[in-house]
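> Below are the structure tokens for one structure; questions will follow.
There are 2 protein chains.
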Amino acid sequence: MSLTIGELSRKTEVKIPTIRYYEQIGLLAEPTRTEGQQRRYRPEDVRRLNFIRHARELGFEVEAIRQLLGLAGDPDRCCGEVHDITKAHLDEVKDKIARLTALRDELEAMVTCDHRQISECRIIEVLADHRKCHNTQH
Amino acid sequence: MSLTIGELSRKTEVKIPTIRYYEQIGLLAEPTRTEGQQRRYRPEDVRRLNFIRHARELGFEVEAIRQLLGLAGDPDRCCGEVHDITKAHLDEVKDKIARLTALRDELEAMVTCDHRQISECRIIEVLADHRKCHNTQH
DNA sequence: GCTACATCCTCTAGCGGCTAGAGGTTCAAG
DNA sequence: CTTGAACCTCTAGCCGCTAGAGGATGTAGC
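First to last, the protein sequences are chains A and B.
Residue 35 in the numbering used here sits at position 35 of the first sequence; the count goes up by one each step and never skips.
Add 138 to a position in the second sequence, counting from 1, and you land on the number used in the numbering used here.
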């Protein structure tokens with residue numbers, strides 16, 4: 001009924017050192033051990049680790065996941081805090097997209113350079129002189 | 139005529155420990171020193187550090203910057219390689235935007251949850267069960 | 001020349017989120 | 001009982017900085 005760390009790893013697609021790391025930082029509880037000190041996991045641990053993995057894939061930071069896991073364990077509570085954490089994360093993602101989009105536009109403008117000599121290369125020019133940027137944000 | 143590290147820092151808006159770090163990893167050449175071992179910089183160093191800072195702001199990795207600096211020092215060369223490095227970086231940026239956009243859409247769908255109990259919260263549900271994602275990419 | 005003190009120096013450690021490797025032990029199948 | 005895959009702990013490394021301890025230097029004013 002119990003799983004080795006390797007089996008847990010295969011079921012969740014989380015690498016073994018990562019599982020041990022999550023235990024170390026307290027995201028996963030310490031599992032029971034065999035007499036020889038090998039870890040043995042229960043189905044509950046599979047669910048918890050899947051939750052963690054999925055949240056990481058969605059870009060939540062470990063601290064946020066720690067909070068989400070705490071809240072998830074309290075079924076009667078109102079999910080306002082969960083909503084807030086997710087909203088805050090969403091705002092950060094939007095922010096990142098905005099910054100990367102500006103970056104993309106700048107780089108697109110730069111790569112129009114058509115293989116001249118370095119001394120006339122638009123890319124080098126822009127890098128060397130900030131004022132030649134279209135986007136003056138940064 | 140020569141600048142202290144503090145003056146260089148103010149002129150380029152690069153923090154002092156970062157300047158020393160760039161020297162350590164070989165992005166900046168070792169400057170001359172006073173008898174008491176304090177660093178003294180020339181105007182050339184200001185230009186080089188500005189280049190580095192700008193490239194970092196545009197998201198280039200240190201290794202890429204190292205290459206760009208090498209190429210920039212050779213004015214007669216064709217800038218094909220510069221173009222390639224920039225294009226590769228641009229592609230990565232585009233990739234990141236695509237992934238973050240999918241993420242954003244997923245999170246947007248999740249935050250529609252209207253403050254129910256945790257046990258019915260859409261966010262918790264989605265996190266706990268991957269199949270409830272709209273985006274099945276990840 | 002002397003004092004005060006801002007600025008500089010080196011060195012080490014920490015951030016986040018893992019990942020890799022050394023060197024040794026345990027488990028389960030045959 | 002032997003084999004060998006899988007496990008264990010511990011340490012160090014990745015990136016690009018950033019912070020702090022503890023001490024030395026440089027410069028301005030007297």
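Just so you know, even glycine gets a beta-carbon here, dropped at the ideal spot from N, CA and C.
This one's a predicted model, so the numbers in the text were calculated from it and none came from an experiment.
To the nearest angstrom, report how far apart B:L228 and A:R39 are at their CA atoms.
One C-alpha to the other measures close to 44 Å.
> Out of curiosity, what's the CA-to-CA distance linking B:D243 and A:S9?
The alpha-carbon atoms of B:D243 and A:S9 are separated by roughly 29 Å.
> Taking 9 Å as the threshold (beta carbon to beta carbon), is B:H272 in contact with chain A?
Chain A contact via Cβ: absent.
> Report the residue from B:C216, B:E258, B:I154, B:D233 whose alpha carbon sits nearest the alpha carbon of A:I123.
The candidate whose alpha carbon is nearest that of A:I123 is B:C216.
> From A:I52, A:E35, A:M1, A:L3, pick the residue whose C-alpha is nearest to that of A:I25; which is it?
The residue with the shortest Cα to Cα distance from A:I25 is A:I52.
> What residue range does the alpha helix (DSSP H) around B:I261 cover?
Looking at the DSSP string, the run of the alpha helix (DSSP H) that includes B:I261 is 260-266.
> Distance check for B:V231 and B:A210, CA to CA, integer angstroms please.
Each residue's alpha carbon lies about 23 Å from the other.
> Answer yes or no: do B:L165 and B:I203 have a C-beta to C-beta separation smaller than 9 Å?
Cβ atoms of B:L165 and B:I203: closer than 9 Å.
> Taking the alpha-carbon positions, what's the B:T156 to B:L187 distance?
Whole-angstrom Cα-Cα distance: 11 Å.
> Are the C-beta atoms of B:A210 and some chain A residue less than 9 Å apart?
Yes - at least one Cβ of chain A is within 9 Å of the one on B:A210.
> Using the beta-carbon count (16 or more within 10 Å), is A:T12 buried or exposed?
Result: buried.
> Opposite A:C133 in the DSSP bridges: which residues?
In the DSSP output, where bridge partners are listed per residue, A:C133 has none listed.
> Which residues does DSSP pair with B:C251 in a beta bridge?
Answer by DSSP bridge pairing: none, since B:C251 is not bridged.
> Quick one: give me the first and last residue of the alpha helix (DSSP H) that A:R56 is part of.
43-57 is the span of the alpha helix (DSSP H), which, as asked, contains A:R56.
> Could you please give the first and the last residue of the uninterrupted alpha helix (DSSP H) stretch that includes A:I118?
Premise fails: A:I118 is in no alpha helix (DSSP H) and is neither H nor E.
> Assuming B:P213 contacts A:S119 under a Cβ cut-off of 8 Å, what Cβ separation, rounded to an integer in Å, is found between them?
Correct: roughly 4 Å between the Cβ atoms.
> Among A:L107, A:L103, A:I97, A:L69, which has the Cα closest to the Cα of B:K225?
The candidate whose alpha carbon is nearest that of B:K225 is A:L107.
> Could you check whether B:Q205 and B:E195 sit closer than 9 Å to each other, using their CB atoms as the reference points?
Going by C-beta atoms, B:E195 is not nearer than 9 Å to B:Q205.
> Output, in sequence order along the chain, the residues in the region 48-76 of chain A whose CB is closer than 8 Å to any CB in chain B.
Going along the region 48-76 of chain A in chain order, one finds N50, F51, H54, A55, E57, L58, G59, L68, L71, A72, D74, P75, D76 with a Cβ nearer than 8 Å to chain B.
> My understanding is that A:H54 touches B:L241, with C-beta atoms under 8 Å, so please give their C-beta distance in whole angstroms.
In fact, because the Cβ distance is near 12 Å, the residues do not count as touching under 8 Å.
> Checking 9 Å against the spacing of the C-beta atoms, do A:R47 and A:S2 come in under that value?
Cβ distance not < 9 Å, so A:R47 and A:S2 don't count as in contact.
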